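Chains as they are written, first to last, in our numbering: chain X, 1 to 217; chain D, 218 to 434; chain V, 435 to 651; chain E, 652 to 868; chain S, 869 to 1085; chain C, 1086 to 1302.
6 protein chains.
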Amino acid sequence: MTLSDQTRTSLATVSTATLTTQLFKRGLRNLFVQNVRPLNPAAPRLVGEAFTLRYIPAREDIDHVGVFQDPEHPQRKAIETVPPGQVLVMDCRGDARAASGGGILLTRLMMRGVAGVVTDGGLRDAAEIAALDFPVYCAGPSAPLNLAHHHAVDFNQPIACGGVPVYPGDVVVGDTDGVVIVPQEPADEVARDAVEQERFETFVMEEVRGGRSIRGV
Amino acid sequence: MTLSDQTRTSLATVSTATLTTQLFKRGLRNLFVQNVRPLNPAAPRLVGEAFTLRYIPAREDIDHVGVFQDPEHPQRKAIETVPPGQVLVMDCRGDARAASGGGILLTRLMMRGVAGVVTDGGLRDAAEIAALDFPVYCAGPSAPLNLAHHHAVDFNQPIACGGVPVYPGDVVVGDTDGVVIVPQEPADEVARDAVEQERFETFVMEEVRGGRSIRGV
Amino acid sequence: MTLSDQTRTSLATVSTATLTTQLFKRGLRNLFVQNVRPLNPAAPRLVGEAFTLRYIPAREDIDHVGVFQDPEHPQRKAIETVPPGQVLVMDCRGDARAASGGGILLTRLMMRGVAGVVTDGGLRDAAEIAALDFPVYCAGPSAPLNLAHHHAVDFNQPIACGGVPVYPGDVVVGDTDGVVIVPQEPADEVARDAVEQERFETFVMEEVRGGRSIRGV
Amino acid sequence: MTLSDQTRTSLATVSTATLTTQLFKRGLRNLFVQNVRPLNPAAPRLVGEAFTLRYIPAREDIDHVGVFQDPEHPQRKAIETVPPGQVLVMDCRGDARAASGGGILLTRLMMRGVAGVVTDGGLRDAAEIAALDFPVYCAGPSAPLNLAHHHAVDFNQPIACGGVPVYPGDVVVGDTDGVVIVPQEPADEVARDAVEQERFETFVMEEVRGGRSIRGV
Amino acid sequence: MTLSDQTRTSLATVSTATLTTQLFKRGLRNLFVQNVRPLNPAAPRLVGEAFTLRYIPAREDIDHVGVFQDPEHPQRKAIETVPPGQVLVMDCRGDARAASGGGILLTRLMMRGVAGVVTDGGLRDAAEIAALDFPVYCAGPSAPLNLAHHHAVDFNQPIACGGVPVYPGDVVVGDTDGVVIVPQEPADEVARDAVEQERFETFVMEEVRGGRSIRGV
Amino acid sequence: MTLSDQTRTSLATVSTATLTTQLFKRGLRNLFVQNVRPLNPAAPRLVGEAFTLRYIPAREDIDHVGVFQDPEHPQRKAIETVPPGQVLVMDCRGDARAASGGGILLTRLMMRGVAGVVTDGGLRDAAEIAALDFPVYCAGPSAPLNLAHHHAVDFNQPIACGGVPVYPGDVVVGDTDGVVIVPQEPADEVARDAVEQERFETFVMEEVRGGRSIRGV
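Written as structure tokens, this is what we have:
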């Protein structure tokens, strides 16, 4: 199944707040990625299918600077493999002591037409990345190279990110509040109902601005 | 006892740093709300008496989306009850995994003349709230609706917020450093001495800018 | 050994990301100060030798407001002792519940020609400090005076800061990603190799902007 | 509604593991009290209705040793009020830096026929309490008196304990794994189905001990 | 490569303390599994090759009690697949809010001749497991069934456990201090040198018991 | 000033719970060492003056196994310097990822007549240490050698241990609840009043065992 143009367009207009409400109504209470924030709030909205990359802790004898000479290194290969329009989501076990990427890798992803990046680890060159016209979410700036704490092990497998399950193909949506994962199956319906909900909330907000109470709303 | 106009005016001019010093001199060492920050540093200074709202963890069978149809729901009732000029202070047990409010509720509070909001939980629609001319402090943006983790249980009872005791009627003061709780009883005296302290510190700062040492100050 | 002008100049041009890579190549994996961030990203780059100040937890009978009348108080003495061009690095045990300094002390340090400040505790008057043309890194704004939680005990001894060992004379370098500690001994070599590495990365970035893959880089 | 003898008896025979499974089947995923453990694993099983006591952070001017001379002090009054057969459950905000009780108070509760105690704070005189024939769960031993960090504020109100909502009258069940809260309404049914589940699991365990696979069980 | 009988025997006689020293000498500083402890200190020593099982966070629509009817469910399949003599090592992201196994599954593993279990999550039926003659390490007792927070996703892939990288086939050694992971490649040499080190330390200990100083040892 | 025999004897009979109450009455609220527990609850009570040892984070180039060949290494020298009857208190920044000592060093301390050990780091060979007739408190068992995370830097300086200030010469008292630091100056008076308090509490406990209420006590 692929993300339809209509659903993509709808998801780009609704907030992550609205989407968590729609998911909650369907019994899904744990799909907001915890402890990540946008590096560049001015970037376009993030919408796209998840392409995942998984790290485990580094080991000194395996994770030395020579590894990147191998064109098959999973991190480098993942970066060259994410399809345009998809979102690279990285599982760093919530450990921001080291970076999971930097200016060059993020620029390459943007050049390749990737929709954006979400990581529960750190990112280096944060100021440089924040200046890109590219939506990026992370646990915070962190200069140390990934090899200091992270070993890229495989990609496009189900992962954890920010305490949330992410399956390849899930729809990733980000705004200034953060990132929500919308499972594939209900994505079309969730998008449609979210648009409807926001229409109603726009009306309520106008009433509230005009002085109406929020009791019973 | 109510907050006098003079004390309110004085508290609006002094920093939370100065107030913690005055409280420390009176043996009160734990009245700075930990882990909250202003959503909008450009908002006016926060000063007002505390009106409290308490949440406990949510339970799936009790906390469903239908609850808001009840006009007596404690969160909604609290929002319609905070007197103008007072500050809504929420106890979310420091849990920012879900929001304790969003754009509509915060706008309603602003419309009602409430002085501001402090929560040790999250807030959704953070960018929208940050654009209001209304001082708001929270643990960070968080999209999930409050029902995902929080159950509003009662209001205007003593609570914990950010590790600090807050009694209804305590005076809440916020600036860019954060929020301090000034107990009712010594509030007038604390305000007066704080103004005096700042007068002296302004003098010291000028001396320091002119090259004076800070030894023995 | 003192920091040479050339090394200082080189270190001011390279990123902390690059420096952590150079240190990693030399087997040094834990020299990025965790959980501190710049109060003023617009300030000049931070470079200078470390002058350290150590705090232990406060004790109510020892740490009262009268202590600052003593011109030999270690915090005040340290502030008047840091040589111009050096960086004051403070060990607050990562505890940001109280400030380790404020507007007046930081202004005095700037007036004295100190190169900047790094603390793993909090700082009060954060907005005021952020407006100074002076690089300052801390765990976050925190209004309570240092005596509430911190007792200055000695200075220019080896300390921990943000989980990292800092020896007096180590070179402290900060940019928007954060702060890295470069040990004295390899500092000249690290600086030289870092400049070289950035030259290469500038080339790679241009290639990447032109569409080149990052496989094997 | 009160806890029937039959349900009480059934709950005393089944494990908290089984009860969490029964609650999970009913959509209740968050009723196991986190971070508490039995002080005396040799004590009888804990079963009884919850009688709650709530603490907020202490304030130095309010929480001095003189407060206990007041016979209406909420902690002391709560201890004398819990009905025999019920369980005192205390909300200490998960803060074990101070005790929420000690040998004398716990002995008094035992003498009064209270069924047991659960607190997400600490307990002092832990060795003495562990020797009582009385089931007690806490976050760990902690010598400082409650006034150092906790202010008893009210009782028999809904509280949080170990991240879980506890309503007065909920059924509290504890074994060596820890404590689970069984809401009143489904308690009879949960107890009945738990007994049934354990009957089946006893059979499975015998099969497994005899060499059977657990695939599809 | 397989674990030789001689190395297995040697590793069963040396402490995890000694093994971390040998690994440290080889530049491997992060192979002690953090935050796990033995459920039964009286059990035999743990030695065996790692067979890994990975969990990600649960999702309510996927992780319902019906999943165990599927004989291909990864957790159940893993338990039936671990070869005798190997150790099941589980990656629960350090989250002990739910169990990663209980009495029946652990008994099945013991019956199958598995060497032991290590998990950085919780275990239910902890008292029952502690009575088995079977070495088991976990983050603590935790009653809730795994589906409440954990989704078994795949096995025999590299994982993280307690902050440490674990590759299938690494040698897992446990004693009362905890668990260390010895990578395959240097395992024979590490075992041999560890035996030698302990011979020397036994001598030193006798000297120390006889009154000798530890300066320069 | 030295610890009198009478005070030492008194302190060995009263509980840490009682001592925290006496300190609280004197305005000292933060002298209970957090997050340490006795390795051997069967050991004699711990009483003695503090002799401190401070660690900072390790650096790979400085902290290699060769350092212990230096008889002036601060850890080894401290162990040979603690006067008999005093307590070695170690500041490990609360980091238990590595040991701050093991069986040989602790045995040496016991042989030298040292009164006991308190560390907020880990200890290796925990089972061996627990079997000594020697009171030892730590954050938990931890196999990795100290050099993996800790660098011994100086001794007999004021330190932090478990969040508490410890000055050389302070009196350290431990029981099964944990460890409290009694400052030198009021130690005699605190000991005397603690004995008196326990006499009263023994009376109250007898009354309570006989059925008396705790209201107003």
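Note that the Cβ used here is the ideal one computed from N, Cα and C, for glycine as well.
These numbers were taken from a predicted model, which means no experiment stands behind them.
So, does the CB of Leu796/E fall closer than 8 Å to a CB anywhere in chain C? Yes, because at least one Cβ of chain C sits closer than 8 Å to the Cβ of Leu796/E.
Can you give the Cα-Cα distance for Leu278/X and Val14/X, rounded to whole angstroms? Given a span of 1 to 217 for chain X in the structure shown, any question on residue 278/X remains unanswerable.
Would you call the segment 949-963 of chain S in contact with the segment 1009-1027 of chain S, where contact means no fewer than 3 C-beta pairs closer than 8 Å? Remark: three or more beta-carbon pairs, one from each stretch, lie closer than 8 Å, so the segment 949-963 of chain S and the segment 1009-1027 of chain S are flagged as touching.
Quick one: what's got a C-beta closer than 6 Å to Gln239/D's C-beta in the same chain, skipping five residues either side? If the five residues before and after Gln239/D are omitted, its C-beta is found closer than 6 Å to the C-beta atoms of Val407, Asp410 and Ala411, all from its own chain and listed in chain order.
Cβ neighbours of Gly211/X in the same chain (closer than 6 Å, five flanking residues each side left out): Cβ-Cβ distances below 6 Å link Gly211/X to nothing in the same chain once the five nearest sequence neighbours on each side are left out.
Three-state secondary structure (DSSP) of Pro291/D: Helix, per DSSP.
Determine the burial state of Ser534/V: buried for a count of at least 16 other Cβ atoms within 10 Å of its Cβ, exposed for fewer. Flag for Ser534/V reads buried.
Kindly indicate which three-state DSSP category Glu1270/C falls into: helix, strand or coil? Coil.
Whose Cβ in chain D lies nearer than 8 Å to the Cβ of Asp193/X? Residues of chain D passing the Cβ test: none, with the nearest at roughly 12 Å.
Quick one: what does DSSP say Leu349/D is sitting in, helix, strand or coil? In this structure, Leu349/D counts as coil in the three-state DSSP scheme.
Which residues in chain C have a C-beta closer than 7 Å to the C-beta of Gly934/S? List them in chain order. Simply none; closest approach about 39 Å.
Between Val182/X and Pro517/V, what straight-line distance do the alpha-carbon atoms span, to the nearest angstrom? Answer to the nearest angstrom: the Cα atoms are 56 Å apart.
For Ile730/E, return the contacting residues in chain C, with the cut-off set at a CB-CB distance below 9 Å. Chain C residues near Ile730/E: Ser1298, Ile1299 and Arg1300.
Does DSSP put Asp1045/S in a helix, in a strand, or in coil? Coil at Asp1045/S, not helix or strand.
Check the Cβ-Cβ distances between Asp154/X and every residue of chain V, and say whether any is below 8 Å. Output row for Asp154/X: interface = no.
Using the Cα positions of Gly1133/C and Asp278/D, report the straight-line distance between them to the nearest angstrom. Computed Cα separation, rounded: 56 Å.
Proximal residues of chain V, C-beta to C-beta of Phe249/D below 9 Å: What Phe249/D touches in chain V: Arg531, Ala532, Ser576, Ala577, Pro578 and Ala582.
Identify the residues that DSSP records as bridge partners of Cys138/X: which are they? According to DSSP, Cys138/X bridges with Arg37/X.
Using only CA atoms, which one of Ala573/V, Ile513/V and Asp504/V lies nearest to Arg471/V? Distance from the Cα of Arg471/V is smallest, within the candidate group Ala573/V, Ile513/V and Asp504/V, for Ala573/V.
Candidates Met639/V, Thr636/V, Gln618/V and Ser647/V: closest to Arg652/V by CA position: Because residue 652/V is not part of the residues shown, which for chain V are 435 to 651, the question remains open.
Along chain C, which residues have their Cβ under 8 Å away from the Cβ of Asp776/E? Neighbours of Asp776/E on chain C, chain order: Ser1100, Ala1102 and Asp1262.
Chain C contact for Glu1066/S (CB, 8 Å cutoff): Not an interface residue.
Would you say Glu201/X reaches chain D, if we count a Cβ-Cβ gap shorter than 8 Å as a contact? Judged by the 8 Å Cβ criterion, Glu201/X is in contact with chain D.
Neighbour flag for Arg961/S against chain X, beta carbons, 8 Å: Taking CB atoms only, Arg961/S has a neighbour in chain X less than 8 Å away.
Would Asp175/X be called buried (16 or more neighbouring beta carbons within 10 Å of its own) or exposed? Buried, by the Cβ-count rule.
Output needed for Gly753/E: all residues of its chain with C-beta closer than 7 Å, excluding positions within five of it in sequence on either side, in chain order. Counting only residues of its own chain and dropping the five nearest sequence neighbours on each side, Gly753/E has a CB closer than 7 Å to the CB of Leu774, Arg775 and Asp776.
Selection of the segment 468-493 of chain V by Cβ proximity to chain C, strictly under 8 Å: For the segment 468-493 of chain V, residues whose beta-carbon sits nearer than 8 Å to a beta-carbon of chain C comprise Ile490, Pro491, Ala492 and Arg493.
Using the DSSP secondary-structure output, state which residues sit across from Ala1184/C in a beta bridge. Answer by DSSP bridge pairing, in chain order: Gly1207/C.
As assigned by DSSP and simplified to three states, the class of His277/D: The displayed chain sequence assigns Glu, not His, to residue 277/D. The three-state secondary structure of Glu277/D, taken from DSSP, is coil.
Listed by chain order, chain S residues near Leu88/X by CB distance under 9 Å: The contacting residues do not exist; Leu88/X stays about 17 Å from chain S at best.
In three-state terms, what does DSSP make of Asp604/V? Residue state, collapsed to three classes: coil.
Please list the partners that Arg680/E has in chain S, where partner means a Cβ-to-Cβ separation under 7 Å. Under the 7 Å cutoff, chain S gives Ala1016.
Tell me the rounded alpha-carbon separation between Thr324/D and Asp350/D. Their backbone Cα atoms lie some 10 Å apart in a straight line.
Is Leu682/E helix, strand or coil by DSSP? Here Leu682/E sits in coil by DSSP.
Report the three-state DSSP secondary structure of Arg843/E (helix, strand or coil). In the three-state scheme derived from DSSP, where H, G and I count as helix and E and B as strand, Arg843/E is classed as helix.
Is any beta-carbon of chain C found at less than 8 Å from that of Phe1002/S? It does not; no Cβ of chain C falls within 8 Å.
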